[in-house]
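Worksheet for the structure shown next.
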Amino acid sequence: MYIYHPYQFGYVPSADETDMLVILGGPMSPNDDFPWIEEERELVKTLMARNVPIFGACFGAQLISLTLGGEVTQAPVKEVGWAPVYRQTDVIPGLPEQLTVLHWHQDMFSIPTGATRLFSSDRVANQGFVIGHHVVGLQFHFEPVADDVREIVVNDFPYINGSVLGQTAADILATPVPAANQQAMFRILDYLTE
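Numbering-wise (the UniProt record's numbering), the sequence shown opens with residue 1 and increments by one.
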């Protein structure tokens, strides 16, 4: 496993060295005009043509949607903190009907052509999508453990201001990461690699 930080170093792996691609979040938008974003979009296209598994969270899901002709726009509300999402399809077996997840976004993606809506929240309908058996994009975060949540809050706490969820940094930190989130993340990764 290799971890790349293209926004810091400008390096995007090649398709030939990628068995599975995971694109996580960040403060940038896939609408930004950075050369590495276009390189990542080309990588997504190539890997999809090869049926290589791809998982995107937050920025990653937005980038996948945009790459496939979708749009990334400002959401009607800013969601930052813990709130539920609701499963919209049974295409990935074993996912609970409702999960409490970490939201950290103000933008949203449209569901790309050929994708199925996977999750919705009370405020933003498009919270996740699945394409075939090899691509999943989530607007929210299943992947953080407690230390990751602490790091996100410590480094980006001003972003919490203005969230419709009305949670403080202390509220977010005091909420334990639900064990069901890790199980859901494992189920999605299993589905992508079966």
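Idealized CB from N, CA, C, for every residue including glycine.
In this text, all values refer to a predicted model and were calculated from it rather than measured experimentally.
Would you mind giving the Cβ-Cβ distance between G25 and A57, rounded to the nearest angstrom? I have them listed as a contact below 8 Å.
In the sequence shown, residue 25 corresponds to position 25, counting from 1. In the sequence shown, residue 57 corresponds to position 57, counting from 1. In this structure G25 touches A57 by the C-beta definition: roughly 6 Å separates them, less than 8 Å.
Run through DSSP, which three-state label would D19 get?
Counting from one through the sequence shown, the residue named residue 19 turns up at place 19. It is coil, neither helix nor strand.
For V80 versus Y159, is the C-beta spacing smaller than 8 Å?
Position 80 of the sequence shown, counting from 1, holds the residue named residue 80. Position 159 of the sequence shown, counting from 1, holds the residue named residue 159. Taking 8 Å as the Cβ cut-off, V80 and Y159 qualify as a contacting pair.
Buried or exposed, going by whether 16 or more other CB atoms sit within 10 Å of the CB of Q74?
Mapped onto the sequence shown, residue 74 falls at position 74. Q74 should be labelled exposed.
Span of the beta strand (DSSP E), counted from its first residue to its last, around F129:
The residue you call residue 129 lines up with position 129 of the sequence shown. Counting along the chain, the beta strand (DSSP E) containing F129 begins and ends at G128 to I131.
Considering Cα atoms alone, identify which of L43, E143, L63 and E38 is closest to A184.
Taking the first residue of the sequence shown as 1, we reach residue 184 at position 184. Looking only at L43, E143, L63 and E38, the smallest Cα-Cα distance to A184 is reached by E143.
Taking the alpha-carbon positions, what's the P93 to F186 distance?
Walking along the sequence shown from the start, residue 93 turns up at place 93. Walking along the sequence shown from the start, residue 186 turns up at place 186. Rounded to the nearest whole angstrom, the C-alpha separation of P93 and F186 is 12 Å.
Please confirm if the region 61-73 is in contact with the region 83-102, defined as three or more CB-CB distances below 8 Å between the two stretches.
Counting C-beta pairs with one atom in each stretch, the region 61-73 and the region 83-102 have fewer than three that are closer than 8 Å, which means they do not touch.
Distance between beta carbons of G132 and Q139, contact taken as under 8 Å
As a working note, residue 139 is residue 139 in the sequence shown. As a working note, residue 132 is residue 132 in the sequence shown. The C-beta distance from Q139 to G132 rounds to 19 Å, too long to fall under 8 Å, and the pair is not in contact.
Ignoring anything shorter than 4 residues or poking outside the region 35-90, list the alpha helix (DSSP H) runs there in chain order.
Qualifying alpha helix (DSSP H) stretches, in chain order: 35-49 and 59-67.
Measuring alpha carbon to alpha carbon, tell me which residue in L189, V149 and A61 is nearest A174.
Reading the sequence shown from its first residue, position 174 is the one you call residue 174. Checking every option, the nearest Cα to that of A174 belongs to V149.
Reference I111, options M48, E40, V124 and V22, closest by Cα
Taking the sequence shown and counting its residues from 1, the one referred to as residue 111 is at position 111. For the residues M48, E40, V124 and V22, the minimum Cα distance to I111 belongs to V124.
Using alpha carbons as the reference points, say which of V91, D107 and W104 lies closest to R117.
To locate residue 117, count along the sequence shown from 1; it is residue 117. Nearest of V91, D107 and W104 to R117, Cα basis: V91.
So, with DSSP's three-state summary, where would you put A135?
Reading the sequence shown from its first residue, position 135 is the one you call residue 135. Ala is not the amino acid found at residue 135; the sequence shown has Val there. Correct three-state label for V135: strand.
On the DSSP bridge assignment, give the partners of T116 in chain order.
As a position in the sequence shown, residue 116 is number 116, starting the count at 1. BP columns for T116 point to V130.
Which residues bound the alpha helix (DSSP H) around L192?
In the sequence shown, counting from the first residue as 1, residue 192 sits at position 192. It spans A179 to T193 - the alpha helix (DSSP H) in which L192 sits, taken as one unbroken run.
Could you tell me which of W104, Q62, S120 and Y4 sits nearest to M20, measuring between CA atoms?
Against the sequence shown, residue 20 aligns to sequence position 20. Answer by Cα proximity: Y4.
Expected contact under 8 Å - CB spacing of A83 and R50 to nearest Å
Taking the sequence shown and counting its residues from 1, the one referred to as residue 83 is at position 83. Taking the sequence shown and counting its residues from 1, the one referred to as residue 50 is at position 50. For a cut-off of 8 Å, the C-beta gap from A83 to R50 is around 36 Å, too long to register as a contact.
Under a three-way DSSP split, which group does F109 fall into?
Taking the sequence shown and counting its residues from 1, the one referred to as residue 109 is at position 109. Here F109 sits in strand by DSSP.
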